[in-house]
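See below for the structure under consideration.
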Amino acid sequence: MSETSSVVVTTDPTTGRELARYDAMNDASIDHVLDEVAVAARAWGRTPLTERRAALDSVADRLLAERESVAALITAEMGKPLREARAEVDKSVTTARWYARHADSLLTPTPVDVGPDATAWVTHEPIGPVLAVMPWNFPLWQVMRFALPAILAGNGILLKHSPDVTGSALGFEALLERAGLPRHVFRTFVVSERDVARVTDAVVADDRVAGVTLTGSNRAGASVGAAAGRAAKPSVLELGGSDAFVVLADADAERAAEVAVRARFTNAGQSCVCAKRFVVAAEVAEHFTEAFVARVRALRVGDPTDDHTDLGPLARPDLRDVLQRQVDASVAAGAELLAGGHPIDGPGNFYAPTVLAATAPGMAVFDEETFGPVAAVAVARDDAHAAELAAATTFGLGLSVWSGSRERALDLAREVTTGAVFVNAMVASDPRLPFGGTRRSGHGRELAAPGLHAFMNQRTFWAVP
Numbered sequence: 001m002s003e004t005s006s007v008v009v010t011t012d013p014t015t016g017r018e019l020a021r022y023d024a025m026n027d028a029s030i031d032h033v034l035d036e037v038a039v040a041a042r043a044w045g046r047t048p049l050t051e052r053r054a055a056l057d058s059v060a061d062r063l064l065a066e067r068e069s070v071a072a073l074i075t076a077e078m079g080k081p082l083r084e085a086r087a088e089v090d091k092s093v094t095t096a097r098w099y100a101r102h103a104d105s106l107l108t109p110t111p112v113d114v115g116p117d118a119t120a121w122v123t124h125e126p127i128g129p130v131l132a133v134m135p136w137n138f139p140l141w142q143v144m145r146f147a148l149p150a151i152l153a154g155n156g157i158l159l160k161h162s163p164d165v166t167g168s169a170l171g172f173e174a175l176l177e178r179a180g181l182p183r184h185v186f187r188t189f190v191v192s193e194r195d196v197a198r199v200t201d202a203v204v205a206d207d208r209v210a211g212v213t214l215t216g217s218n219r220a221g222a223s224v225g226a227a228a229g230r231a232a233k234p235s236v237l238e239l240g241g242s243d244a245f246v247v248l249a250d251a252d253a254e255r256a257a258e259v260a261v262r263a264r265f266t267n268a269g270q271s272c273v274c275a276k277r278f279v280v281a282a283e284v285a286e287h288f289t290e291a292f293v294a295r296v297r298a299l300r301v302g303d304p305t306d307d308h309t310d311l312g313p314l315a316r317p318d319l320r321d322v323l324q325r326q327v328d329a330s331v332a333a334g335a336e337l338l339a340g341g342h343p344i345d346g347p348g349n350f351y352a353p354t355v356l357a358a359t360a361p362g363m364a365v366f367d368e369e370t371f372g373p374v375a376a377v378a379v380a381r382d383d384a385h386a387a388e389l390a391a392a393t394t395f396g397l398g399l400s401v402w403s404g405s406r407e408r409a410l411d412l413a414r415e416v417t418t419g420a421v422f423v424n425a426m427v428a429s430d431p432r433l434p435f436g437g438t439r440r441s442g443h444g445r446e447l448a449a450p451g452l453h454a455f456m457n458q459r460t461f462w463a464v465p
């Protein structure tokens, strides 16, 4: 690595004011951290499972004890409503408890019957330090859904978080130490934006690093995935999404519209797994759209520290600029603007909750991932056309289908390639279920057993008497 050093500045997206400055690590500091984590990971990997399991319960206890301060830091750095930030903490606690409770069943060696002449079994063993490259939109949850199973696995963790949430990243590292996790098992790299790609490539290639996981853009995923491939190291990539929310003719359109607002506008739409394209059967399109737009217009946009606020600002000004380009291009291509469609005047990165109707393939809001509070509605002639529209994407993360018949919904879902299908519910992650995508939404799985085993050596033993 070539030598570098600079300053990382965090900004409050609600006011535009500077929050803090952090010295970025130079290459010597990064090398020192790599050494520390490599040593700590070797010791942690030999720690009995009972102690690693207890560590997760201790992390859960500490998160609950510091719930308000953790949530406040998340809201200050990326702007989500405080109640949503608290939900991030709560979900992380639930995940820590789930892994602690199921540690034995997940990691006990599995016997395999190979006949009377030998005994065979499979173990799950830690592989060492894993680099986690994480985004700003869920500052705690994105980290914890990888870190919690990695801790249980006995691996070390090197976090390269988004510079936008540097305070959160360092705060989480300190919280884990307060929870009793041994020093240097979890460490944070503070890297300036201009150096992220170079440093990430170098760290992935380093022999002290055993694997890499990334949640982020397709461009970042392609770069990190290529680096992992060159180094012959395992990787999990959770990338973009343009999930379809399909409402069939026999669905409860009113209920679907109610859930659709949450599915699109939670976290101001800044989520890979948010519903983004709403494919609605012609028979219920008018009813659904009217109910949906009325609820969207009722959303309260403003101060994210106010518990009555539904939408805070976007995390950065450039995100708002990209969203405006997508909206303007789609309207020019024939989309009908039903609500919003513009930034909100004043300080901060606020954007009006937006609904576009008459959208179709070929329009920016239909073809591209929209990372903000913009919903694209398209009308389907029948179930076959609905499946065609839902599948008209290069992404493959989640799919939500609404119908009075489970089999009808599942028949449609089988025509669309995704990592998850939710019937009469919005797509969400859950520690009990594998989470991840297909196609341009990435590869590999987080959460549940696959998320734990993704960065473990599945070791085969064969013994003859």
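Here the sequence shown stands for residues 1 to 465, where the numbers follow full-length UniProt numbering.
Beta carbons are placed, not taken as given, at the ideal position from N, Cα and C, and that holds for glycine.
Checking the sheet assignment: what are the DSSP bridge partners for Glu446? For the purposes of this step, residue 446 is identified with residue 446 of the sequence shown, where counting begins at 1. In the DSSP output, where bridge partners are listed per residue, Glu446 has Phe435.
Hey, Val130 and Ala257 are a contact pair by Cβ (cut 8 Å); roughly how many whole angstroms apart? Position 130 of the sequence shown, counted from the first residue, corresponds to residue 130. Position 257 of the sequence shown, counted from the first residue, corresponds to residue 257. Not quite, the Cβ-Cβ distance comes to about 41 Å (not below 8 Å), so this is no contact.
Nearest-angstrom Cα distance between Asp252 and Arg408? Here the question's residue 252 lines up with position 252 in the sequence shown. Here the question's residue 408 lines up with position 408 in the sequence shown. Distance between the alpha carbons of Asp252 and Arg408: 14 Å.
If you scan the region 140–199 from start to end, which runs of the alpha helix (DSSP H) of 4 or more residues do you find wholly inside it? 141–153 and 166–178
Mapping DSSP to helix, strand and coil, what is Asp35? Mapped onto the sequence shown, residue 35 falls at position 35. Three-state DSSP puts Asp35 in a helix.
Any idea if Thr166 is buried or exposed, counting beta-carbon neighbours within 10 angstroms, 16 or more meaning buried? Against the sequence shown, residue 166 aligns to sequence position 166. Thr166 is buried by the Cβ-count criterion.
Between residue 512 and Phe292, how many whole angstroms is the CB-CB distance? I'm expecting something under 8 Å. Residue coverage of the chain in this structure runs from 1 to 465, which leaves residue 512 outside it and unanswerable.
Identify every residue that forms a DSSP beta bridge with Leu402. As a position in the sequence shown, residue 402 is number 402, starting the count at 1. Looking at the sequence provided, one finds Trp at residue 402 rather than Leu. According to DSSP, which records beta bridges pairwise, Trp402 is partnered with Val247.
To the nearest angstrom, how far is it from the Cα of Ser403 to the Cα of Arg381? Residue 403 sits at position 403 when you count from the first residue of the sequence shown. Residue 381 sits at position 381 when you count from the first residue of the sequence shown. Each residue's CA atom was taken as its position, placing Ser403 and Arg381 some 15 Å apart.
Among Leu49, His124, Pro135 and Leu140, which residue has its Cα nearest to the Cα of Asp90? In the sequence shown, the residue the question calls residue 90 occupies position 90. Nearest of Leu49, His124, Pro135 and Leu140 to Asp90, Cα basis: Leu140.
Only counting runs of 3 or more residues, tell me where the beta strand (DSSP E) segments fall wholly within the region 299–368, in order along the chain. 336–339 and 354–357
Run through DSSP, which three-state label would Leu239 get? Counting from 1 along the sequence shown, the entry for residue 239 is found at position 239. If DSSP states are grouped into helix, strand and coil, Leu239 belongs with coil.
Tell me which same chain residues have a C-beta within less than 6 Å of the C-beta of Gly128, skipping the five on either side of it? Position 128 of the sequence shown, counted from the first residue, corresponds to residue 128. Ala41 and Ala210.
Mapping the DSSP letters down to three states, classify Gly211 as helix, strand or coil. Walking along the sequence shown from the start, residue 211 turns up at place 211. Here Gly211 sits in strand by DSSP.
Quick one: grab the DSSP three-state call for Trp462. Indexing the sequence shown from 1 puts residue 462 at position 462. Strand, per DSSP.
Got a sec? Which residues, its chain only, sit under 6 Å from His443 by beta carbon, not counting five neighbours each side? In the sequence shown, counting from the first residue as 1, residue 443 sits at position 443. Once the five neighbours on either side are set aside, the close Cβ partners of His443 are Leu237.
Neighbourhood of Gly216 by C-beta, 6 Å cutoff - its chain only, sequence neighbours within 5 removed: Position 216 of the sequence shown, counting from 1, holds the residue named residue 216. Only Pro135 meet the Cβ criterion.
Helix, strand or coil at Lys276 [DSSP, three-state]: Position 276 of the sequence shown holds residue 276. Three-state DSSP puts Lys276 in a strand.
Less than 8 Å between the C-beta atoms of Ser242 and Arg277, yes or no? Against the sequence shown, residue 242 aligns to sequence position 242. Against the sequence shown, residue 277 aligns to sequence position 277. Yes, Cβ-Cβ distance for Ser242 and Arg277 is below 8 Å.
Backbone secondary structure at Asn26 - three-state DSSP: For this step, residue 26 is matched to residue 26 along the sequence shown. Coil, per DSSP.
Output the distance between the C-alpha atoms of Asp31 and Asp207, rounded to the nearest integer angstrom. Here residue 31 is taken as the residue at index 31 of the sequence shown, counted from 1. Here residue 207 is taken as the residue at index 207 of the sequence shown, counted from 1. Approximately 12 Å, taken between the alpha carbons.
Distance CB(Trp98)-CB(Pro361) smaller than 8 Å: Walking along the sequence shown from the start, residue 98 turns up at place 98. Walking along the sequence shown from the start, residue 361 turns up at place 361. Against a cut-off of 8 Å, the Cβ pair of Pro361 and Trp98 comes out as no contact.
With a threshold of 16 other CB atoms inside 10 Å of the CB of residue 485, please say whether the residue is buried or exposed. Since the displayed the chain opens at 1 and closes at 465, residue 485 lies outside it and no answer follows.
If the criterion is Cβ atoms closer than 8 Å, does the pair Leu314 and Ala268 meet it? Mapped onto the sequence shown, residue 314 falls at position 314. Mapped onto the sequence shown, residue 268 falls at position 268. Contact flag set, yes.
Helix, strand or coil: how does DSSP classify His102 here? For the purposes of this step, residue 102 is taken as the residue at position 102 of the sequence shown. Correct three-state label for His102: coil.
Meets three-Cβ-pair contact criterion under 8 Å: the region 57–68 and the region 77–93: yes
Whose C-beta lies closer than 8 Å to the C-beta of Val39 among residues of the same chain, with five residues either side of it excluded? For the purposes of this step, residue 39 is taken as the residue at position 39 of the sequence shown. If we look at Val39 and ignore the five residues flanking it on each side, its Cβ neighbours are His184.
Whole angstroms is fine: what's the gap from Ala263's alpha carbon to Phe422's? Taking the first residue of the sequence shown as position 1, residue 263 is located at position 263. Taking the first residue of the sequence shown as position 1, residue 422 is located at position 422. About 12 Å.
So, at 7 Å on beta carbons, what are the nonlocal neighbours of Gly225 in its own chain, with the 5 sequence-adjacent residues on each side left out? For the purposes of this step, residue 225 is taken as residue 225 along the sequence shown, with counting starting at 1. Closer than 7 Å at the Cβ level, and outside the excluded window around Gly225, lie Ser235 and Leu237.
Extent of the continuous beta strand (DSSP E) to which Phe422 belongs: Residue 422 sits at position 422 when you count from the first residue of the sequence shown. Taken as a continuous stretch (DSSP letters only), the beta strand (DSSP E) holding Phe422 covers Ala420 to Val423.
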